[in-house]
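Note that the UniProt record's numbering has the sequence shown beginning at 1, numbered continuously upward.
Even for Gly, the Cβ is constructed at its ideal location relative to N, Cα and C.
Here the structure is laid out as structure tokens; the discussion comes afterwards.
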Amino acid sequence: MVFGDSIVDTGNNNYITTIGKCNFLPYGRDFGKGNQATGRFSNGLVPSDIIAAKFGVKNLLPPYLDPKLQPEDLLTGVSFASGAAGYDPLTSKTAKPLDSYIFIFLKNNYNLLSVIELYGLGGRRIGVVNLPVIGCVPSQRTLHGGKQRNCSDFENQAAIIFNTKLSSLINNLTKEFPDARLVYLDIYNQLLNLIQKPATYGFEVTDKGCCGTGNIEVAILCNPLTQNICPNTSNYIFWDSFHPTEEAYKVICSEVIDNKIKDFF
Numbered sequence: 001m002v003f004g005d006s007i008v009d010t011g012n013n014n015y016i017t018t019i020g021k022c023n024f025l026p027y028g029r030d031f032g033k034g035n036q037a038t039g040r041f042s043n044g045l046v047p048s049d050i051i052a053a054k055f056g057v058k059n060l061l062p063p064y065l066d067p068k069l070q071p072e073d074l075l076t077g078v079s080f081a082s083g084a085a086g087y088d089p090l091t092s093k094t095a096k097p098l099d100s101y102i103f104i105f106l107k108n109n110y111n112l113l114s115v116i117e118l119y120g121l122g123g124r125r126i127g128v129v130n131l132p133v134i135g136c137v138p139s140q141r142t143l144h145g146g147k148q149r150n151c152s153d154f155e156n157q158a159a160i161i162f163n164t165k166l167s168s169l170i171n172n173l174t175k176e177f178p179d180a181r182l183v184y185l186d187i188y189n190q191l192l193n194l195i196q197k198p199a200t201y202g203f204e205v206t207d208k209g210c211c212g213t214g215n216i217e218v219a220i221l222c223n224p225l226t227q228n229i230c231p232n233t234s235n236y237i238f239w240d241s242f243h244p245t246e247e248a249y250k251v252i253c254s255e256v257i258d259n260k261i262k263d264f265f
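Encoded structure:
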């Protein structure tokens, strides 16, 4: 089960009153057979899907707000991710014990009280993802990177300080709950590595997104009327000014999960 924000939202915002939607093209341009805007903030898959597939659970992780969702879907996992992610009464309808699930917390769900609460409910395999290299996403380059659109050192340093404290807290919780598998997942350095060495992973464009100018477009600003959508997303690390492409997500998830998967068991 995944908790988080738009990076791991597989479509929950489709069912919420918010302007933060992406259930329209060009989002989903490369999803499945193409041109399927599912509500994922990417050209295709997002980390929820990729992680679920890596754990051999399912290829696509459904959003828990999907009206077609059945209680049995919880047996193989769902995404609770959105701007208002949290627990849902449907969770209690599954007969599967929580200690058999793997829970992933990403970005805005860093309230460690939630991790403690989940442990109290029986969760024993919990991954907590740190903050990414925020100052290097295209929108922050545009807003805070000066005329050259460099990475914002201020935002990156803030993320480093936060991540250091987060790692320390996870270590302390690991000592407090020795029967749990609390795993700190580092995406900051993985994304930074992609940006600094793009050619190593087959990327060319690191400082702007594929959609439009790539400098500021996201959500409703990246829409069917947007001009100059890049023809080949595989060259880009970022799809819009905030969110990476499916191709970049796959590299990041492979590097992070492949190195940490053993720590969950």
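DSSP state of Arg-181 mapped onto helix, strand, coil: It is a strand residue.
CA-to-CA distance, Gly-127 to Asp-179, given in whole angstroms: In this model, Asp-179 and Gly-127 are separated by some 14 Å (Cα to Cα).
Three-state secondary structure assigned by DSSP to Phe-264: Of the three classes helix, strand and coil, the one that applies to Phe-264 here is helix, per DSSP.
Helix, strand or coil at Gly-135 [DSSP, three-state]: Residue state, collapsed to three classes: helix.
Between the CA atoms of Asp-263 and Asn-172 - distance to the nearest angstrom: Rounded to whole angstroms, Asn-172 to Asp-263 spans 16 Å at the Cα level.
Span separating the alpha-carbon of Ser-82 from that of Asp-73: Near 18 Å, if we compare the C-alpha coordinates of Asp-73 and Ser-82.
Inter-residue Cα distance where the pair is Glu-255 and Gln-190: CA-CA distance, Glu-255 to Gln-190, rounds to 7 Å.
Collapsed DSSP secondary structure at Arg-40 in the structure displayed: DSSP places Arg-40 in coil when its eight states are reduced to three.
Paired residues, beta bridge with Leu-106 - DSSP: Looking at the DSSP assignment, Leu-106 forms a beta bridge with Val-129.
Simplified DSSP state of Ser-79, which is helix, strand or coil: Reduced to three states, the DSSP call for Ser-79 is strand.
7 Å Cβ shell around Val-8 - same chain, five flanking residues per side excluded: Counting only Cβ-Cβ distances below 7 Å, and skipping sequence neighbours, we find Val-2, Val-46, Pro-47, Ser-48, Ser-79, Ala-81 and Leu-106.
Entirely enclosed beta strand (DSSP E) segments - the region 205-231, minimum 3 residues: 205-209, all fully within the region 205-231.
Enclosing alpha helix (DSSP H) for residue 281 [first to last residue]: Any question about residue 281 goes unanswered here, given that the chain covers just 1 to 265.
From Lys-165, Ser-152 and Asn-163, residue whose alpha carbon lies closest to that of Asp-207: Nearest C-alpha to Asp-207: Ser-152.
Ala-170, DSSP secondary structure in three states: Correcting the residue type first, residue 170 is Ile in the shown sequence and not Ala. In this structure, Ile-170 counts as helix in the three-state DSSP scheme.
Nearest-angstrom Cα separation, counted from Thr-226 out to residue 267: The structure shown has nothing for residue 267, since the chain only spans 1 to 265.
Rounded distance between the beta-carbons of Gly-39 and Lys-21, thought under 8 Å: Yes, Lys-21 and Gly-39 are in contact; Cβ-Cβ is about 7 Å, under 8 Å.
Delimiting residues of the alpha helix (DSSP H) encompassing Ile-50: From DSSP, the alpha helix (DSSP H) with Ile-50 extends over 47-54.
Cβ neighbour criterion (16 or more within 10 Å) applied to Gly-34: Gly-34 is exposed by the Cβ-count criterion.
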